[in-house]
Amino acid sequence: MAMSVGYYGDTAMKKIPGGGVGGRYDVPEGVDIRGRYDEEFAKILTKDALIFVAALQREFRNHVKYAMECRKEAKMRYNSGGLPGFDPATKNVRDGDWMCAEVPPAVADRRVEITGPVERKMIINALNSGAKVFMADFEDALSPTWENLMKGQVNLKDAVNGTISFQDKARNRVYKLNDQIAKLFVRPRGWHLPESHIFIDGEPAIGCLVDFGLYFHHNHAAFRKTQGEGYGPFFYLPKMENSREARIWNNVFERAEKMAGIEKGSIRATVLIETLPAVFQMDEILYELRDHSVGLNCGRWDYIFSYVKTFQAHPDRLLPDRVLVGMGQHFMRSYSDLLIRTCHRRGVHAMGGMAAQIPIRDDPEANAAALELVKKDKLREVRAGHDGTWAAHPGLIPAIMEVFTNNMNNSPNLIETMKREDAASLTEEDLLQIPRGVRTIEGLRLNTRVGIQYVAAWLTGTGSVPLYNLMEDAATAEISRVQNWQWLKYGVELDGDGVGVKVTHELFGKVVEEEMARIEREVGRERFKKGMYKEACKLFTRQCTAPVLDDFLTLNAYNHIVVHHPGGSSKL
């Protein structure tokens, strides 16, 4: 095993002899590419592009390290009994009359957005889906293997240039872009994730600066002509916990604009509010990004994960079964309402949450019932004042579009008409209210079954996984993991079954064994043997039973998918 030691800690990874056969990447001083050489990838990993990425890394790495240290300090406060809340030091920002820059005309209408990984066929189908926006994902919907990341960059470059196509030999069909396509947003990884196939000055690159830097360098000029109407590129920014992290992104954008010679404020981004600490800093986050912001989004699955993680040492704040933690819960509704009020007060979009349902083709009745639930959820969102929402599958778009269109009075958004001043009275207590509901053995089973299957897919290079008629990404596995961990840590009583069983390591071991048998039955023996279910089970179980909760499942699992090919760079 090759070992690398850098800012991201000790990372064990596979080392493949003879990497870079047939060619080497031409790299600038201090850059070492350890991923497989490929001629297509070399068109992305040009010397100029790497100079750009390395410049961002060198300028901002210490800021990112400090931000990650601040996260650790905040976690220590919460683990010592503290609660997140509004910062008295930034009250003037929350109370001020400032506005964000005007929303670019190209993205004024964002009624329905579709999301998915940066896979070639997915990109074409999503851009052709009839949605207003496609968010192409390098983050939770992608397993960040070297192949996935580099092919994703190739695919996006072709998409921006309008030349992308895909030949499906099995179906004897060629996929191409329609004349009318969705606007493209790109979501890089979060600040905490490394890119261990690229080393800069002896340490792994920061994953999001690789994702952003390569995409921006190759596409900003074409994007502004073909998609942005003089603006762009457009981004989604994940996993931030406070305005300090937003300030780093704003500085990255300004640096990129300056290096590219384009106007300040060209780049625009929507921030996902998907961590509990960030809900108390929404004004501050928008303020830091005010020249580059096009709103906030309710990343509600990760938000639930963050609630459990933030309160991991608070036994009085245990969640019920995760399927019961929906927008009907007071703390979730408060979060959505405050986000709408904050965004509209500052002149930007307030985007709703994900509809993860996928069509149930073999059961029309169940499919109709699922679609009805989606429409009900989306009607709640638009009536609350959301300007648009997310869908995971093209099949949902017509129904969701109809709900939003029928309730928006022929306006592209609700920024001016739904100010939600009633949400100004929401308090810290509203945002932290403990969710109500029961805990059941079935909840424990579902967490375990879904978590293991998701990790198995992720380890084999798939980050967006259809499970039980829902399109799941890393957020679902994270909720499942941290809830299991919390229930085990505090030996919670499963009160929803009428049996009063306590969650113990013995009970969990039995559940894991039984759910593995169920997975084998459901996927079939052959697929089970070929898949990485046993490895996934070990990894997921270890994280659920660890004495100390890992911050991110994907950070721990990443070591299993990093493959080094020595000799891929022409300068070491």
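Residue numbers (my numbering): 9 to 580.
Every residue, glycine too, gets a C-beta built ideally from N, C-alpha and C.
Collapsed DSSP secondary structure at residue i in the structure displayed
i: Glu249; result: coil
i: Ala20; result: Only weak support exists for where Ala20 lies, its pLDDT of 45 falling under 50; the value from the coordinates is given anyway. Ala20: strand per DSSP, three-state reduction.
i: Pro574; result: coil
i: Phe261; result: helix
i: His568; result: helix
i: Thr278; result: strand
i: Gly451; result: helix
i: Glu77; result: helix
i: Phe516; result: helix
i: Tyr541; result: helix
i: Glu203; result: strand
i: Pro474; result: strand
i: Ala321; result: coil
i: Cys108; result: coil
i: Thr456; result: helix
i: Met359; result: strand
i: Met41; result: First, the residue type needs correcting, since residue 41 is Ile and not Met in the sequence shown. Strand at Ile41.
i: Lys510; result: strand
i: Asp176; result: strand
i: Ile208; result: strand
Presumed contact (8 Å Cβ cut-off) between residue i and residue j, rounded CB distance
i: Val141; j: Val115; result: 7 Å
i: Ala139; j: Ile405; result: 5 Å
i: Asn421; j: Asp117; result: 7 Å
i: Val168; j: Phe231; result: 5 Å
i: Asn227; j: Lys165; result: 6 Å
Residue nearest to residue i in terms of C-alpha spacing, selected from the options
i: His338; options: Asn250, Arg263, Pro112, Gly445; result: Gly445
i: Lys55; options: Phe68, Asp46, Asp34; result: Asp34
i: Asp187; options: Tyr244, His228, Leu135; result: Leu135
i: Val302; options: His352, Cys78, Val473, Leu515; result: His352
i: Ala63; options: His225, Gly104, Val519, Phe231; result: His225
i: Met426; options: Val458, Asp345, Tyr498; result: Asp345
i: Ala358; options: Leu347, Pro367, Gln365, Ala431; result: Leu347
i: Gly90; options: Val500, Pro367, Glu436; result: Glu436
i: Arg369; options: Ile256, Arg428, Phe536, Tyr476; result: Tyr476
i: Val218; options: Phe242, Gln551, Pro202, Asp209; result: Pro202
i: Met290; options: Phe313, Arg330, Val507, Phe94; result: Phe94
i: Gly215; options: Pro574, Asp148, Met335; result: Asp148
i: Asp299; options: Val39, Pro285, Phe242; result: Phe242
i: Met130; options: Ala190, Glu77, Val509; result: Ala190
i: Val72; options: Thr397, Arg255, Glu528, Ile487; result: Arg255
i: Tyr498; options: Cys78, Gly506, His573, Thr512; result: Thr512
i: Thr605; options: Ala50, Lys83, Arg535, Asn418; result: What the structure shows of the chain is the stretch from 9 to 580, and residue 605 is not part of that stretch, so it cannot be assessed.
Same chain, Cβ closer than 6 Å to residue i, neighbours up to 5 away in sequence not counted
i: Leu332; result: Gly445
i: Thr153; result: Gly469, Ile569
i: Lys383; result: Ala407, Val411
i: Leu150; result: Pro125, Asn156, Gly471
i: Ala374; result: Ile368
i: Trp257; result: Leu245
i: Ile487; result: Ile312, Phe313, Arg330
i: Ala268; result: His228
i: His205; result: Arg42, Gly43, Trp154
Same chain, Cβ closer than 7 Å to residue i, neighbours up to 5 away in sequence not counted
i: Asp503; result: Val446, Arg447
i: Glu253; result: Ala75, Trp199
i: Leu222; result: Ile52, Ala57, Val61, Gln161
i: Asp145; result: Thr123, Gly124, Pro125, Val126, Arg195
i: Glu292; result: Thr98, Val101, Ser251
i: Ala264; result: Phe224, Ile275
i: Gly532; result: none
i: Thr549; result: Val520
i: Thr484; result: Trp309, Val458, Tyr462
i: Leu496; result: Val511, His513, Phe516, Cys552, Thr553
i: Leu378; result: Checking the displayed sequence, the identity of residue 378 turns out to be Ala instead of Leu. Same-chain partners within the cutoff: Gln365, Ile368, Asn477.
Spatial neighbours of residue i in its chain, beta-carbon cut-off 8 Å, leaving aside the 5 residues before and after
i: Ala565; result: Val463, Trp466, Leu467, Leu547
i: Ala432; result: Arg349
Beta-carbon gap between residue i and residue j smaller than 9 Å
i: Met248; j: Arg308; result: no
i: Leu387; j: Asn415; result: yes
i: Cys108; j: Leu294; result: yes
i: Leu440; j: Pro92; result: yes
i: Leu192; j: Ile132; result: no
i: Gly360; j: Asn305; result: yes
i: Ser137; j: Pro402; result: yes
i: Gln65; j: Leu327; result: no
i: Pro443; j: Met340; result: yes
i: Lys317; j: Asp481; result: no
i: Phe536; j: Glu528; result: yes
i: Arg119; j: Gly355; result: no
i: Ile48; j: Lys177; result: Correcting the residue identity first, residue 48 is Glu in this sequence and not Ile. Going by C-beta atoms, Glu48 is not nearer than 9 Å to Lys177.
Cβ-heavy atom distance, residue i to the ligand NAD, below 8 Å
i: Phe142; result: Of ligands this structure carries none, so the ligand NAD is not represented either.
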